[in-house]
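Q: Below you'll find the structure I mean.
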Amino acid sequence: MASSSSSSYSALLRRSKLASFNPHIDQVYTTNAANLARSNFGLKRPLPAATTKTSPFVRLLDLDSREGRTAFRKATREQSYTRKWSEVGVGLQSDAFLPRTGADGDRRWDRLEVQSRFVDGDGPGAIQPVAGEQPAQAAFGRMPNVFAMSERDFERFLEGLGERRDEFKAFVVAESKQAASESTGLDGEFDLYAHAQRQPLELVRLAERFLRLPTSSSASPSTTVPLVHPTLALQYGSPTPLESSLAPPVPGRILGPSPDAMRASGSLMSQGREVYASVLSQVASIHGPSASQASSTNFFPDASGERSNVPGRASFRLTAPTIDPLPYAKNQAIVRSGVRAQSSEFAPATAEYEPRLLALRSVSLQHSTVVSPAQQARERPLPGSPAYSGALPADLARHQGAGPGRRGRAGGLASSLTEMAYNADVLKKIGVRGSGPRDLVQSRKKKRSGASQEQWVRQREALLEERTMDAAAVDKQLASAKGRQQGQQGQGQPRKGGKRRQQNQELLNKLEAMLNRES
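Residue numbers (UniProt numbering): 1 to 519.
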């Protein structure tokens, strides 16, 4: 019984996320409501309840620090930012798929300008092989970064080198003999001590190449970090251009004009009026003419000491937002290589509490525009929604007459079948007070007395009879108009297309005469 429980626990541990925890990979951990009440995130110890009470999302920095604590921070901003992008409905274009030209031609988006020997050969920032280099020379792996090792790790590294002393001698002899045979064509005896005295720098180079070779006896798991996602995991399935054009506007806030905004116009720089706006938890520059009808946010109180949050609210249309994963890939390559890991140059102060995606400003919303209230009122519903199913076709709403049943409450053309059937005069006749179909529904729910119910029934019957009489009058007018048209044709007035019909009738008569002769 104990063996089965232990095996199930080990299988559960292997499948858990914490078994493969890596602080270099940005991951957000959460828990359900029952465990959140106890601050249980499945870790070695519960997290502080005062910190995680309102936010069930955390980012783990270290499972067990030197002080015996679990280092973490809140990840509410990451979760909120990702959720907002999932609800936007606009495709996010990645600069990773755009060609990057330079002195060496097209370059991969994950290839850094600075290459390091402490990075894996298949990762960003690794040393690229020179053109014409032999495959055997380009097959070396990653150089151990002794500068980033702790004192304990460095001692273990030295112990491993002592065990590989004979292997290193054989490697140096083989490399030196190969170089000597290629230069002189002779394969004689080789003196390692004399070679080290004559060429000490060459021996250092051979030692580095030996350390980059993969060890056959190492059984440590692979620490390779996967490559960065082109959209930084904000969108896995990008919406189509049609879905992006039908997406609803995004709410935001206009902060104020930018006094020193510069806009590129071809090869010249011209002064352009731009405004700062807060959209999707980030500050973006919006083109000024689209925001001319909107007001800016009032940051200061008025004379009475109150400040309203209404000024500055606006809706924005996202037009081709882009994301550049290169800054994040550079940051990950530096962290992955371990170069100067304790230096403040590669660990900014904002990394402790701000998401790297927002800190690096990877997402660009430069081409976004402000949607005016009039345009927002004319927004079409999404296909498949109930509002779209009940909406009138565009040609019907445009070409129908100006009857009372075809117009909405504001006097404009009706935008749905409900507004088309609505008529304020009719509702008033049947005893409904109000100005919309909602009032009609509410009036039906109200209880009526016996007298009011009888009065309502009489009014309804009178209204139906009036509509029947109107329909009969319309049919009578149509019949009289048709009779007048037939009478005009009987008096000799030709109808449009009559000559062609007469010619066709003559041809039919001739064919019948020919058939009669043959018979």
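Just so you know, even glycine gets a beta-carbon here, dropped at the ideal spot from N, CA and C.
Where DSSP assigns a beta bridge to Pro257, which residues make up the other side?
A: Here residue 257 refers to the residue found at position 257 of the sequence shown. Bridge partners of Pro257: Val275.
Q: Suppose you measure from the CA of Ser270 to the CA of Ala294; what does that come to, to the nearest Å?
A: Within the sequence shown, numbered from 1, the residue matching residue 270 stands at position 270. Within the sequence shown, numbered from 1, the residue matching residue 294 stands at position 294. Residue placement at Ser270 is flagged as unreliable, the pLDDT there being 41, under the threshold of 50; a coordinate-derived value is accordingly withheld.
Q: Mind the definition here: the segment 248 to 256 touches the segment 294 to 312 only if three or more C-beta pairs lie below 8 Å; say whether that holds.
A: Touching, yes.
Q: When the Cβ atoms of the segment 357 to 366 are set against those of the segment 273 to 285, are three or more pairs found closer than 8 Å?
A: Yes, the segment 357 to 366 touches the segment 273 to 285.
Q: Thinking C-beta only, is Val279 closer than 8 Å to Phe316?
A: Here residue 316 refers to the residue found at position 316 of the sequence shown. Here residue 279 refers to the residue found at position 279 of the sequence shown. Taking 8 Å as the Cβ cut-off, Phe316 and Val279 qualify as a contacting pair.
Q: Within a Cβ cutoff of 6 Å, which residues of the same chain sit near Ala75, ignoring the five residues on either side of it in sequence?
A: On the sequence shown, residue 75 is found 75 positions in, with the first residue counted as 1. Closer than 6 Å at Cβ, skipping near neighbours: Val28, Phe57, Val58 and Arg59.
Q: Taking the straight line between their C-alpha atoms, what separation do you get for Pro200 and Met149?
A: If you number the sequence shown from 1, residue 200 lands on position 200. If you number the sequence shown from 1, residue 149 lands on position 149. Each residue's Cα considered, the two are about 25 Å apart.
Q: Among Arg198, Leu211 and Lys53, which one has its Cα closest to the Cα of Glu163?
A: Position 163 of the sequence shown holds residue 163. The option with the nearest alpha carbon to Glu163 is Leu211.
Q: Assuming Tyr328 contacts Val228 (C-beta within less than 8 Å), just tell me the rounded distance between them.
A: Taking the sequence shown and counting its residues from 1, the one referred to as residue 328 is at position 328. Taking the sequence shown and counting its residues from 1, the one referred to as residue 228 is at position 228. Between Val228 and Tyr328 the Cβ distance is about 6 Å, and since that is below 8 Å, they are a contact.
Q: Could you check what DSSP says for Ala320 in three-state terms: helix, strand or coil?
A: Indexing the sequence shown from 1 puts residue 320 at position 320. Looking at Ala320 - three-state DSSP - the assignment turns out to be coil, as it is neither helix nor strand.
Q: Please name the residue in Ala303, Thr322, Ala291 and Ala33 whose C-alpha comes closest to that of Ala314.
A: Numbered from 1 along the sequence shown, position 314 holds the residue referred to as residue 314. Per the Cα distances, Ala291.
Q: Please report the distance separating the alpha-carbon of Ala50 from that of Val310.
A: One-based indexing of the sequence shown puts residue 50 at position 50. One-based indexing of the sequence shown puts residue 310 at position 310. C-alpha separation (whole angstroms): 33 Å.
Q: Report buried or exposed for Gln134, applying the criterion of at least 16 other Cβ atoms within 10 angstroms of its Cβ.
A: Sequence index remark: in the sequence shown, residue 134 carries index 134 (1-based). The predicted position of Gln134 is uncertain, since its pLDDT is 49 and thus under 50; a value taken from the coordinates is nonetheless stated next. Looking at its Cβ environment, which holds fewer than 16 other Cβ atoms inside 10 Å, Gln134 is exposed.
Q: Provide the residue span of the alpha helix (DSSP H) that contains Phe72, from first to last.
A: Position 72 of the sequence shown, counting from 1, holds the residue named residue 72. Per DSSP, Phe72 belongs to no alpha helix (DSSP H); it is in the beta strand (DSSP E), Ala71 to Lys74.
Q: Quick one: grab the DSSP three-state call for Asp62.
A: In the sequence shown, counting from the first residue as 1, residue 62 sits at position 62. Strand, per DSSP.
Q: Give the single residue among Gly237, Val457 and Thr468 whose Cα lies nearest to the Cα of Leu92.
A: Position 92 of the sequence shown, counted from the first residue, corresponds to residue 92. The candidate whose alpha carbon is nearest that of Leu92 is Gly237.
Q: Note down, in chain order, each residue of its chain lying with its Cβ closer than 7 Å to the Cβ of Leu61, except the 5 sequence neighbours on either side.
A: Taking the sequence shown and counting its residues from 1, one reaches residue 61 at position 61. These residues qualify, in order along the chain: Pro23, Ala71, Phe72 and Arg73.
Q: For the putative contact between Thr231 and Ser94, defined by C-beta atoms under 8 Å, what is the C-beta separation to the nearest angstrom?
A: As a first step, residue 231 is located in the sequence shown; it is residue number 231 there, counting from the start. As a first step, residue 94 is located in the sequence shown; it is residue number 94 there, counting from the start. 5 Å between Cβ atoms; contact.
Q: Can you give the Cα-Cα distance for Pro289 and Val371, rounded to whole angstroms?
A: As a first step, residue 289 must be located in the sequence shown, where it is residue number 289. As a first step, residue 371 must be located in the sequence shown, where it is residue number 371. C-alpha separation (whole angstroms): 11 Å.
Q: Straight-line CA distance for Ala207 to Glu175?
A: Here residue 207 corresponds to residue number 207 of the sequence shown, with the count starting at 1. Here residue 175 corresponds to residue number 175 of the sequence shown, with the count starting at 1. Each residue's alpha carbon lies about 11 Å from the other.
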